[in-house]
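Quick note on the working numbering: the sequence shown kicks off at 83 and runs consecutively. Have a look at the structure below before the remarks.
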Amino acid sequence: SNFGKLNWSERLWNNQDELRKDVERMASHVMLRGRHPYEFVPEIRKKQKQTVANTKRLLITEAARVQTEAQKLHYLETIGKDAEYEFVAKRDEKTSKICRHYD
83 SNFGKLNWSE RLWNNQDELR KDVERMASHV MLRGRHPYEF VPEIRKKQKQ
133 TVANTKRLLI TEAARVQTEA QKLHYLETIG KDAEYEFVAK RDEKTSKICR
183 HYD
């Protein structure tokens, strides 16, 4: 949907560097301070001129990605590079096309 004559994707590309910094800061606070990604929604939504739903989706997805990668790296460091891991997820109508193959 359009907002200010630009759609979601166009705004993301136009503000990519600023958005990257905001998301990195959010991920750091989530990992190191135990903050919930939703705490950053008002600030990032306003800066990026996004809907609440788009902002929540982005922040939850990125927080989950960072947490999953940190957990995977910990397992590999602890168990070794030959370690095996399995993605376990609930698959439902909300599961994205990208994530479906992990189930």
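Backbone N, C-alpha and C fix where the C-beta goes; we use that ideal spot for every residue, glycine too.
Please say whether residue j and residue i have beta carbons closer to each other than 9 Å?
| i | j | result |
| --- | --- | --- |
| glutamine 130 | aspartate 104 | yes |
| arginine 147 | threonine 137 | no |
| valine 112 | glutamine 149 | yes |
| proline 119 | alanine 135 | no |
Which residue wins for smallest C-alpha separation from residue i, given the options the options?
| i | options | result |
| --- | --- | --- |
| serine 110 | Asp99, Arg127, Leu141, Glu168 | Leu141 |
| serine 178 | Tyr157, Arg139, Tyr167 | Arg139 |
| tyrosine 167 | Leu158, Leu101, Arg115 | Leu158 |
Suppose you measure from the CA of residue i to the CA of residue j; what does that come to, to the nearest Å?
| i | j | result |
| --- | --- | --- |
| isoleucine 161 | glutamate 121 | 34 Å |
| arginine 107 | alanine 165 | 30 Å |
| arginine 182 | glutamate 151 | 18 Å |
| serine 83 | aspartate 99 | The predicted model places serine 83 with a pLDDT of 48, which falls under 50 and marks its position as unreliable; any figure quoted below should be read in that light. Rounded to whole angstroms, serine 83 to aspartate 99 spans 22 Å at the Cα level. |
| glutamine 153 | threonine 143 | 15 Å |
| lysine 176 | lysine 163 | 33 Å |
| alanine 171 | tyrosine 184 | 8 Å |
Using beta carbons (cut-off 9 Å, strictly below), is residue i in contact with chain B?
| i | result |
| --- | --- |
| valine 105 | Absent here is chain B; the protein component of the structure consists of one chain. |
Mapping the DSSP letters down to three states, classify residue i as helix, strand or coil.
| i | result |
| --- | --- |
| glutamine 98 | helix |
| phenylalanine 169 | coil |
| tryptophan 132 | Checking the sequence, you will find glutamine at residue 132 rather than tryptophan. In this structure, glutamine 132 counts as coil in the three-state DSSP scheme. |
| glutamate 151 | helix |
| histidine 156 | helix |
CB-CB under 6 Å to residue i, same chain, minus the five flanking residues each way: which ones, in chain order?
| i | result |
| --- | --- |
| phenylalanine 169 | Tyr184 |
| isoleucine 180 | none |
Please list, in chain order, all residues of the same chain as residue i whose beta carbon is under 7 Å from its beta carbon, the five residues on each side excluded.
| i | result |
| --- | --- |
| arginine 117 | His111 |
| asparagine 186 | This structure cannot speak to residue 186, because the chain is shown only from 83 to 185. |
Report all residues from its chain with a CB closer than 8 Å to the CB of residue i; omit the five preceding and five following residues, and keep chain order.
| i | result |
| --- | --- |
| glutamate 125 | Asp104 |
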